[in-house]
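K.L.:
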Amino acid sequence: MVACRFPEAGGKGDALRAFAFVRELASRHDVTVVTPAPPPSARAEAALREHAVVEVRPARAPARVLGAGGAALRGRPGQVGWMMPRASWASVLALAPGHDVALAVTVRSIRGPLGIPTVLDHVDALSLNMRRRGDGPESPLRRLAARREAQALARYERRAAGWADAQVVTAREDAGELPSRPAVTVIPAAWDGTVAETGGADRDIDVIFTGDMAYPPNRVAAEWLAEEIAPALRRRRPGARVMVVGRGAARLRLAGVEIASDVPSLAGYLARARVAVVPLRALGTGSPNKLLEAASSGAAVVATSWAAARFDVPCLLADDAEEFAASIERLLRDEAGRDDLARRARRAIEDYSVARTVMRLEAVLTDVVVARSARV
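Numbering (this note's numbering), first residue to last: 69 to 444.
1) Verify whether the separation of the beta carbon atoms of V422 and V187 is less than 8 Å.
2) Quick test of the definition: if touching needs 3 or more C-beta pairs under 8 Å, does the stretch 343-351 touch the stretch 209-216?
3) Taking G279 as the reference, which of A243, P356 and T238 has the closest Cα?
4) Considering Cα atoms alone, identify which of P185, E217 and P181 is closest to M35.
5) Comparing C-alpha positions only, which one of S159, A158 and L134 sits nearest to Q147?
6) Terminal residues of the continuous alpha helix (DSSP H) containing G405?
7) With H, G and I counted as helix, E and B as strand and the rest as coil, what does DSSP make of T103?
8) Can you check which of these residues, D270, T434 and W259, is closest to R415 by C-alpha distance?
9) Please classify V121: is it buried, with 16 or more other beta-carbons within 10 angstroms of its beta-carbon, or exposed?
10) Does the beta-carbon of P165 have 16 or more other beta-carbons within 10 angstroms, so that it is buried, or is it exposed?
11) Counting pairs of Cβ atoms below 8 Å between the stretch 219-236 and the stretch 333-344, do you hit three or more?
12) Looking only at its chain, what residues have a beta carbon closer than 6 Å to the beta carbon of R406, apart from the 5 residues adjacent to it on each side?
13) Out of curiosity, what's the CA-to-CA distance linking V438 and P247?
14) Looking at the secondary structure, which residues open and close the beta strand (DSSP E) in which D274 lies?
15) Whole beta strand (DSSP E) runs in the stretch 153-230 with 3 or more residues, listed along the chain?
16) Just to confirm, is the Cβ distance from V426 to E76 under 8 Å?
17) Note down the Cα distance separating V381 from S364, rounded to an integer number of angstroms.
18) Quick check on this structure: which residue in S395, R128, G143 and V169 has the alpha carbon closest to the alpha carbon of M152?
19) Rounding to the nearest angstrom, what Cα-Cα distance links K288 and E123 in this structure?
20) If you compare alpha carbons, which of R142, F87 and V99 is closest to A115?
21) Are the beta-carbon atoms belonging to L334 and E291 less than 8 Å from one another?
22) So what does DSSP say about L385, is it helix, strand or coil?
23) Quick check: V346 and A389, are their CB atoms within less than 8 Å of each other?
24) Whose C-beta lies closer than 6 Å to the C-beta of R428 among residues of the same chain, with five residues either side of it excluded?
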């Protein structure tokens, strides 16, 4: 596995996905992870080394800056130059020949052909992600930079597809934005946690939204919740307790909601919630893990149509503030209906277990090895 971020259970979406893949694949295969990213903690390093041979080939900040700047000057994505500098890529090339197949996690992890059967897991279509950020709520300068990066990423995705024997992505929408050859297989995000009971007197939070608030789509969703959805809810249900929980939440200037920032675990807060909301609009890409997290917590879920379409998990749909408020109020009023929705969602996430997800990935990996062998 080639991963530009260090695979870890508590990491960002691609790092979390990579760790889950490694842990499950290691039960049947010998796995080597090559990454330019130093481990975020001794605990994360030990957890990964329990399942795989780990080759950390770090790059210092000056090399990353030069890599990003050089890439941008050549019309290539700055993200690739920053996250997989040339020296780190040279280590990947040196290690690849001793392996049967390579899995590159995101297009930022690959800079050329590896000489062995290769599966490129885009996770998200990064060109689409940056294009949407270019039309998003950030400053004009950031939007301009995002548009330029989107164009460079679209070109690079086409180029990287030529280095791969198969492609993987988490959502059908993203698959439609990627080159159609080699074939793109949709393997959704996996749930790699426990499943809580529904109901209970300890659920003292009426509404919760969780996530990394440094990520623009999450920040926009939190602001929408505080500025429009929560006031609409309180017109129906005065005194409703609404919380925003997650990394960087304290930096948001939100009125009318409680904030819990940089908490050790989101699970403890989700386990106290009656309703979890996923008010994400089409500003991001991929599959929002927070919908699976919410469903696993035993809370009933209200989500936008865009977020809900990523998973076949029972939830109520809402696409404007009044719809959110009405759906939340209905669930808070009807405890039996709320618990029934939560139970059905809990059952549905079994289809997104790591074991089932990796079975799909393993089939793709096997196919490319067999196909390459047949051509030799």
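We put the beta carbon where it would ideally sit given N, CA and C, even for glycine.
P.N.:
According to the structure data:
1) no
2) no
3) P356
4) In the structure displayed, the chain extends from 69 to 444; residue 35 sits before or after that span and is not available.
5) L134
6) E403 to A416
7) strand
8) W259
9) exposed
10) exposed
11) no
12) A368 and L399
13) 22 Å
14) I273 to T278
15) 170-173 and 186-191
16) no
17) 10 Å
18) R128
19) Note that residue 288 is Val in the sequence shown here, rather than Lys. Computed Cα separation, rounded: 37 Å.
20) F87
21) no
22) strand
23) no
24) I255
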